[in-house]
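Take a look at the structure below.
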Amino acid sequence: MGIFVLQDGIDDSGWGCAYRSFQTIWSWFVLQGYIDKPVPTHREIQQNLHDCGDKDAKFVGSRQWIGSIELGYCLANMAGIDSRIITTNSGKEVAENARQLTLHFKIYGTPVMIGELCLHLCFVFLKKKERRMEYHGICYL
Numbered sequence: 805m806g807i808f809v810l811q812d813g814i815d816d817s818g819w820g821c822a823y824r825s826f827q828t829i830w831s832w833f834v835l836q837g838y839i840d841k842p843v844p845t846h847r848e849i850q851q852n853l854h855d856c857g858d859k860d861a862k863f864v865g866s867r868q869w870i871g872s873i874e875l876g877y878c879l880a881n882m883a884g885i886d887s888r889i890i891t892t893n894s895g896k897e898v899a900e901n902a903r904q905l906t907l908h909f910k911i912y913g914t915p916v917m918i919g920e921l922c923l924h925l926c927f928v929f930l931k932k933k934e935r936r937m938e939y940h941g942i943c944y945l
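Using the numbering used here, the letters of the sequence shown correspond one by one to residues 805 to 945.
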């Protein structure tokens with residue numbers, strides 16, 4: 805399910821982490837049957853951000869970074885999926901948010917993107933299941 809830097813013939817090393825996290829999250833929704841559209845390319849993600857008014861025309865086709873807010877816009881605009889952003893400002897808050905993330909994985913199961921300035925990671929909780937996981941309308945970014 806994971807989508808990696810330098811995949812699909814795109815050299816996005818150093819700037820593509822959040823794009824790949826978005827593509828991994830999108831893949832999860834496809835595999836669960838919630839989205840029937842192919843995984844968006846970098847250019848399609850950028851075009852969506854331009855179309856919704858977040859970025860100017862020069863952004864499309866660029867190597868500019870995106871973050872959690874942009875991923876939230878794309879999930880909403882491209883798939884009608886709401887997301888939630890949790891801001892953490894200290895080590896103490898990280899521990900508090902870890903409990904929220906654990907609960908998120910137990911209830912929703914969607915992948916989670918965690919980002920800080922120039923690094924974005926996508927966490928996926930995997931468990932064997934007998935039936936499709938129920939999605940309740942929110943994806944954490």
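We treat Cβ as the ideally placed atom computed from N, Cα and C, and that holds for glycine.
Next on the checklist: Between the alpha carbons of ASP860 and GLN868, how many angstroms are there, rounded?
Outcome noted: 12 Å
Checklist entry - Do the CB positions of PHE826 and LEU875 come within less than 8 Å of each other? => result yes
Checklist entry - Since GLY865 is in the alpha helix (DSSP H), which residue starts that stretch and which ends it? => result No alpha helix (DSSP H) holds GLY865; DSSP gives it neither H nor E.
Checklist entry - In chain order, what residues of the same chain lie with their CB nearer than 6 Å to the CB of VAL864, ignoring the 5 residues before and after it? => result GLN850, GLN851, HIS854
Item to check | alpha helix (DSSP H) segment containing SER894, residue limits | outcome: It is not in any alpha helix (DSSP H) - SER894 carries neither H nor E in the DSSP assignment.
Checklist entry - Does the Cβ of ILE870 have 16 or more other Cβ atoms within 10 Å, making it buried, or fewer, making it exposed? => result buried
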